[in-house]
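Numbering (this note's numbering), first residue to last: -7 to 140. We treat Cβ as the ideally placed atom computed from N, Cα and C, and that holds for glycine. What follows is a short report on a single structure.
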Ligand code: DQA
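Given below as structure tokens:
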């Protein structure tokens, strides 16, 4: 399966930023974790990170042309206000899982809203880096429940 993982702003600072919230493992660890898993399971994986909204939108649009079959996205703070990323996601008709490392519902009020989740298949929050692993399992298990 061809899977694309997109990480938004500040996720490259894992292991540096707010360790009590996001843990001590760094971004390279996350990339290794997912790359090893994909290799073991025989999936084609691409992992992309950007701090820029436009670059994230470009990468989502590229996923249409390159025929990605599943998307995992942690839009970082863009989750809470980027209608532009939401619109880009809405144009992809593949399973899309939104992942948040922290439990956004336990945090500040502004983090309780996700403008991107309504155009995703589902959302995993608060399970640390394991959220990405579980999202990959969902995509590769091929059990897709159609909503509405
Ligand atoms: C985050 C939660 C967001 O609110 C925050 O802005 C992030 C990371 C998470 O993975 O928990 O950058 O998406």
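Euclidean distance between Cα positions of residue i and residue j
i	j	result
residue 83	residue 112	11 Å
residue 61	residue 118	25 Å
residue 102	residue 68	12 Å
residue -6	residue 35	6 Å
residue 52	residue 1	15 Å
residue 98	residue -1	21 Å
residue 16	residue 47	27 Å
residue 207	residue 49	Missing from the structure shown is residue 207; the chain here goes from -7 to 140 and no further.
residue 5	residue 14	10 Å
heavy atom of the ligand GTP below 7 Å from residue i C-beta
i	result
residue 29	The model on display carries the ligand DQA but not the ligand GTP.
When the options are compared against residue i, the one with the closest alpha-carbon
i	options	result
residue -3	99, 40, 115	40
residue 125	3, 10, 74, 29	29
residue 58	86, 71, 31	86
residue 133	14, 33, 77, 6	33
Identity of the residues DSSP links to residue i by a beta bridge
i	result
residue 92	117
residue -6	36
residue 63	-4, 88
Closer than 6 Å: residues whose CB approaches a heavy atom of the ligand DQA: 2, 66, 68, 69, 71, 92, 93, 94, 96, 103
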